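Report on the following structure.
Number of protein chains: 2
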Amino acid sequence: MTNRVFKPLLESLLAGSGVSIGGDRPWDIRVNRDRLYRRALRGSLGIGESYIDGDWDCDQLDELFRRVLTSDIQHRPLLRAAGALKRLQSRLTNLQTRRRSRAVAEEHYDIDHRMYALFLGPWNQYTCCFFDGTDDLERAEVLKLEMLCDKLELKTGDRLLDIGCGWGGFAKYAAQTRGCEVTGISLSAEQIRYAVNYTKGLPVTIRKLDYRDLPDSGLPPFDKISIVGMIEHVGYRNYAGIMDVVHQMLKPDGLFLLHTIGNCEETTVVDPWIEKYIFRNSMAPAMHQLSGAAEGRFVIEDWENYGRYYVPTLQAWYDRFNANWDRIRALPTAKPFDERFRRLWNYYLMSSKAAFEVEWLHLWQLVMTRRNSGRGVYRRVMRRSPDQLQPAAAQAAPKKALEAA
Amino acid sequence: MTNRVFKPLLESLLAGSGVSIGGDRPWDIRVNRDRLYRRALRGSLGIGESYIDGDWDCDQLDELFRRVLTSDIQHRPLLRAAGALKRLQSRLTNLQTRRRSRAVAEEHYDIDHRMYALFLGPWNQYTCCFFDGTDDLERAEVLKLEMLCDKLELKTGDRLLDIGCGWGGFAKYAAQTRGCEVTGISLSAEQIRYAVNYTKGLPVTIRKLDYRDLPDSGLPPFDKISIVGMIEHVGYRNYAGIMDVVHQMLKPDGLFLLHTIGNCEETTVVDPWIEKYIFRNSMAPAMHQLSGAAEGRFVIEDWENYGRYYVPTLQAWYDRFNANWDRIRALPTAKPFDERFRRLWNYYLMSSKAAFEVEWLHLWQLVMTRRNSGRGVYRRVMRRSPDQLQPAAAQAAPKKALEAA
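Following this line, the structure appears as structure tokens:
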């Protein structure tokens, strides 16, 4: 009975996308349990939960998402209503308070670091890598790190602050290849534990600190500041606030590099499934949200978009995650990684890949200087191709991979 | 009597800027006629008019403006009130209707082309030139034109639309050095007359056309579209409209280059003196106004700021304008260029120079693609230094300068 009511609803939702239920093309939906139809009524959240639970399968999830995202499904009444509720919540409350920010760190980034090690490259870069003239993840990681160093004009003795330092990959690279003195901050205890060990013997300090506490931290202003893949967790209400903090912590003639996922349009919320299962209280900024927050404080010198490199990045992570699945499953953790976890990550990686493919999401690197810094023209950096890499950089491969730590 | 009232008002307005009335530093104000004090009550408009009329002099106008712009004068009550009135007018009416746009073209751009020829470089580039590794205006013009060609990836046979083509400098350069077929549009009869003659024998068409009429012009979509130094006249109410027009006129996989003065903060009006004497109904966009208008239509691939190059550009124009003043004054025009005209241009060039110096204004080059263009990653172009110029480009110097036409 219920199927006769709900199945046509899901079918009408998919109409125009070229995705069919029970079809035999690789992007079609193969139904394992009929409860999918009922759960799909909750929109993207229900459909995603239903996938994790194994109610349906699809051979090419990325292609399914690409088709759905280029159809006008997003604007259908059912999904609009769900979105409107969430936007209301976002307007009424600050979803990125200190307490909520800690929750994100604990849920997503405190996952056992060995799991990340088994799908990231050796530099543990959990943001877009630079697949320029290479299809090798490790080289793409190094190209990305080189780009960060060059854009920040890092040189020996520079004091660099890395806000949201992850597992310390960039901190280590900047210290090793450019001779910088780096302070990295994070909220994830697991990341900090790893990064402290990973950067041992180098002039790197890793601290557990909320960015809002930087001005009262006693740290003197820095030559350079980077935020790489962290402002996505800051929330639109706090963009002006984090810009203020960076302005306070940066020397008058310093450089600030912001590397972030960008949204093709203004949003105050994130997809409800991503929100619940991957990144709590997160959102990709729109261009005018970031530029509005920078105005008056900073001069935006350079703004580059290479969102299309997130497509091979996510594909590489997906390939490695699945190739190493048996090893991930065998990791001796308190709560072992199970089949639901595998499905969840595949759903997350492939839906993200499609969002970059259809240019729903971008990857931006912005370089800013403080207003009235007295600096000359900021000279943009040419992208390096792999054969242009400095020998020093190429030799700087980490002594041991994350998984071995 | 009036001086005892008004002089202290002007003095209080300048307090904190380091500029004094009757002082002997090069940036001080030398009063020729006391009516300056009364006229200064009208704020920047009155002070500027008073300068044109010779009520006061200053040896280093640029330094005077730099000091005023870095003090907090702009935010004093008197000037705020004047600004508020203008903003109100801007909100209530579209200052850039078709009729008003024609007025700008006629007032500023219909000035005898020989006057411009006597201060611009040989390529007639009346926007920021690229003083990278050179202090020669002609080389800086060629570097800028090379940058436009490279960013647009111009190649033989490309159909290029140049919206606001000025005297045809870029159209000619693109046709000569890259083998493009160019359509340039302008509203200024004087510019069109010149550009048609200037580009004779090349695959260049110059038309008198409002950008709003492009969709009904019968012109098929172009491979590349450029707007160089023209969106400053479009007005914030029309940014979305012009983006729509470009979107319609651009092939799905085309490139769009926007070169514009940028404002460090949102504004809906321009300085009242500049407004009255130089650019009627104009304004430099803020970053978030442009990005907001592009969202949904375009992917902004690349956004570069080189406002600091406008400082040497304006200085070069100022030097040449004054060095050639006797020749400008001797030009046989219907209404000869007089001393008021000279003072007006000096005031305009030096106040603009200061605005770029203090980073009140920027110069942006944006490269955009249509959303879902299916293009790969946009590969940014390295700035060329003069010795990297292609021989072809270096030889492409125009046969005759603007003044000789």
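Order-wise, the sequence lines are chains A and B.
My numbering numbers the first residue of the first sequence as 8 and each following residue consecutively.
My numbering numbers the first residue of the second sequence as 8 and each following residue consecutively.
Built from N, CA and C at the ideal position, the CB exists for glycine as well.
For clarity, every value in this text was computed on a predicted model and none was experimentally measured.
Test: residue i CB closer than 8 Å to a CB of chain A
i       : result
R73(B)  : no
G248(B) : no
G383(B) : yes
M290(B) : no
T77(B)  : yes
V26(B)  : no
M256(B) : no
E455(B) : Examination of residue 455(B) is not possible in this model, given that chain B is present from 8 through 412 alone.
E366(B) : yes
L86(B)  : For L86(B), the predicted model reports a pLDDT of 49, less than 50, meaning its position is unreliable and no value from the coordinates is stated.
L20(B)  : no
A293(B) : yes
A89(B)  : Confidence in A89(B) is poor, its pLDDT being 48 and thus under 50, which makes the residue's placement too unreliable to answer from.
H115(B) : no
R387(B) : yes
Proximity below 8 Å, CB of residue i to CB of residue j
i       : j       : result
P279(A) : L52(A)  : yes
H254(B) : S289(B) : no
I249(B) : I232(B) : no
G171(A) : E148(A) : no
F138(A) : T376(A) : no
W371(A) : L76(A)  : no
R336(A) : P343(A) : yes
G61(B)  : N39(B)  : yes
N312(B) : P292(B) : no
Y284(A) : Q198(A) : no
V318(B) : F286(B) : no
H295(A) : G299(B) : yes
Y133(B) : G236(B) : yes
A182(A) : L209(A) : yes
I59(A)  : R347(A) : yes
S57(B)  : L48(B)  : no
W332(A) : R349(A) : yes
L373(A) : L265(A) : yes
G196(A) : K215(A) : Here the sequence assigns Ala to residue 196(A), which means Gly is not the residue at that position. Result yes, Cβ atoms of A196(A) and K215(A) sit closer than 8 Å.
L194(A) : D217(A) : yes
P228(B) : K207(B) : no
V388(B) : D157(B) : yes
G173(A) : N204(A) : no
L167(B) : D230(B) : yes
Minimum Cβ-Cβ distance from residue i to chain B less than 8 Å
i       : result
H266(A) : no
V253(A) : no
E272(A) : yes
R244(A) : no
R378(A) : yes
S298(A) : yes
R146(A) : no
A411(A) : Unreliable positioning characterises A411(A) in this predicted model, as indicated by a pLDDT of 49, which lies under 50. The coordinate reading is nonetheless provided below. By this cut-off, A411(A) is not an interface position.
inquiry  = Does the structure place the segment 243-254 of chain B close enough to the segment 172-186 of chain B that three or more beta carbon pairs sit under 8 Å?
reply    = no
key: Validate contact between the segment 16-26 of chain B and the segment 68-75 of chain B using beta carbons, cut 8 Å, 3 pairs   = Yes, they touch.
key: 3 or more residues per run - each beta strand (DSSP E) lying fully within the segment 367-392 of chain B   = 368-377
inquiry  = Any C-beta of chain B within less than 7 Å: which residues of the segment 220-241 of chain A qualify?
reply    = none
query = Could you give the uninterrupted runs of the beta strand (DSSP E) lying entirely in the segment 192-230 of chain B, keeping only those of 3 residues or more?
reply = 211-215
query = Three or more beta-carbon pairs under 8 Å between the segment 156-163 of chain B and the segment 180-196 of chain B, yes or no?
reply = yes
query = Is the segment 348-356 of chain A in contact with the segment 58-68 of chain A, if contact means three or more CB pairs nearer than 8 Å?
reply = yes
request  = Scan the segment 303-318 of chain B for residues whose Cβ lies nearer than 7 Å to a Cβ of chain A and list them as they occur along the chain.
outcome  = G303, V306, I307, E308, D309, W310, E311, N312, Y313, R315, Y316
Short-range partners of chain A found in the segment 117-138 of chain B, where Cβ spacing is below 7 Å = none
ask   = Are three or more beta carbon pairs between the segment 301-310 of chain A and the segment 368-382 of chain A nearer than 8 Å?
value = yes
key: Where the segment 327-344 of chain A meets chain B: residues whose CB sits under 8 Å from a CB there   = Correct list: empty, as no residue qualifies.
key: Contacting positions in the segment 34-54 of chain A - beta carbon closer than 9 Å to chain B   = none
ask   = Which ranges would you report for the alpha helix (DSSP H) in the segment 145-185 of chain B if only whole runs of at least 4 residues count?
value = 176-185
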